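Engineer: If you're matching positions, the sequence shown starts at 1 in full-length UniProt numbering and goes up one per residue.
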Amino acid sequence: MELRLLLVPHICGPILGVPVEVCRERYEHIRELEVADTSQEGEPEILIRSDYYLKLATGERIQGNGGRVAIHTELGWILSGPVSSYKQHCTNLITHVTIVDSGPTLKDLDNRLRLFWDLESMGVTDTEDAQFSSIIVLCDGRYEVSLPWRDSCVSIPDNLQLCESRLHSLLKRLKQTPDTLKEYDNIIQQQLKNGIVEVLQDSPTQIQDRIHYLLYNAVIKKG
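#1: In three-state DSSP terms, what is Cys139?
#2: So what does DSSP say about Ile15, is it helix, strand or coil?
#3: Mind checking Asn114: buried by the 16 CB within 10 Å criterion, or exposed?
#4: Taking the alpha carbon of Glu43 as the reference point, which residue from His72, Gln63 and Gly17 has its own alpha carbon closest?
#5: Could you tell me whether the Cβ atoms of Cys163 and Leu200 are closer together than 8 Å?
#6: Mind listing, in chain order, the continuous beta strand (DSSP E) runs of no fewer than 3 residues lying wholly within the stretch 185-219?
#7: Please classify Leu170: does DSSP put it in a helix, a strand, or coil?
#8: Helix, strand or coil for Ile62? Go by DSSP, reduced to three states.
#9: Which of helix, strand or coil does DSSP assign to His10?
#10: Among the residues of its own chain, which have a CB less than 7 Å from the CB of Leu3, if the five just before and after it don't count?
#11: Under three-state DSSP, which class holds Ile71?
#12: If we call anything under 8 Å between Cβ atoms a contact, is Gly76 one with Val35?
#13: Using three-state DSSP, classify Leu147 as helix, strand or coil.
#14: Along the chain, where does the alpha helix (DSSP H) containing Ser80 start, and where does it finish?
#15: Kindly identify the DSSP beta-bridge partner or partners of Ala57.
#16: Within this structure, are the beta carbons of Arg61 and Tyr27 separated by less than 8 Å?
#17: Under a three-way DSSP split, which group does Val35 fall into?
#18: In whole angstroms, what separates the C-alpha of Leu167 from that of Val219?
#19: At the 8 Å Cβ level, is Arg112 part of the contact set with chain D, yes or no?
#20: Assuming Leu181 and Lys172 make a contact with CB atoms under 8 Å, what is their CB distance in whole Å?
Shown next as structure tokens:
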């Protein structure tokens, strides 16, 4: 039988066990057995994983009372089970073996390849940064951001007829108070000067993008 061994400088601390002579004196079924390890105390030299344990066992076993079992292996007999009325010091041991493999897994490679083809070649997956960069423009020292239209949205009416009707009604009402109408005009001219609003140069029929008119209604506070 061939075993693959991993050499480490230290497995765990000393393990305190029951002397084999004590077991042989108390339990008749193991008195003539050749035990694999007869030491009572010491640091383990070999740590066998569970996947190799059954390969070392020959299948021969001797069952005693109270859960005590002797199992035959390629290394000799192994004793397992409790020993009643034997006083010994309690020892807590923690064993830990870690193997770190820094190589990429097949799953990581698959994810990297999928990300490469999506972003670099096909261009079907846009990041949030790329989407934001496509809708922001630096114009005359100021940033302009387009409206966040949805990709799959239903067409909405332009609302032009309602806005024109409201505008005519507003002008008719403001003509009755010339001072208020003049203040309206001053505010709009100031907004044009400051670049808050601008005059549409193209005809609405020449614009291929979405068009939607908003109602204008100023809030007047009388002091």
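Every residue gets a Cβ at the ideal spot worked out from N, C-alpha and C, and that includes glycine.
Keep in mind it's a predicted model, so treat the numbers as computed, not measured.
Structural biologist: According to the structure shown:
#1: Cys139: strand per DSSP, three-state reduction.
#2: In the three-state scheme derived from DSSP, where H, G and I count as helix and E and B as strand, Ile15 is classed as strand.
#3: The displayed chain sequence assigns Arg, not Asn, to residue 114. It is exposed - the Cβ of Arg114 has fewer than 16 other Cβ atoms within 10 Å.
#4: Ranking His72, Gln63 and Gly17 by Cα distance to Glu43 puts Gly17 first.
#5: Leu200 is positioned such that its CB atom lies no closer than 8 Å to that of Cys163.
#6: Qualifying beta strand (DSSP E) stretches: none in this window.
#7: DSSP places Leu170 in the helix class (H, G or I) of the three-state scheme.
#8: Of the three classes helix, strand and coil, the one that applies to Ile62 here is strand, per DSSP.
#9: Of the three classes helix, strand and coil, the one that applies to His10 here is coil, per DSSP.
#10: Within the same chain, Leu3 has close Cβ partners Tyr52.
#11: In the structure shown, Ile71 sits in a strand (DSSP, three-state: E or B).
#12: Result yes, Cβ atoms of Gly76 and Val35 sit closer than 8 Å.
#13: Three-state result, Leu147: coil.
#14: In the DSSP assignment, Ser80 falls outside any alpha helix (DSSP H) and lies within the beta strand (DSSP E) extending over Gly76 to Ser80.
#15: Under DSSP, Ala57 shares a beta bridge with Thr73.
#16: No; because the gap between Cβ atoms is not below 8 Å, this pair is not in contact.
#17: Here Val35 sits in strand by DSSP.
#18: Straight-line Cα distance between these residues: approximately 15 Å.
#19: No chain D is present in this structure, which holds just one protein chain.
#20: Rounded, the Cβ-Cβ distance is 11 Å, inconsistent with contact.
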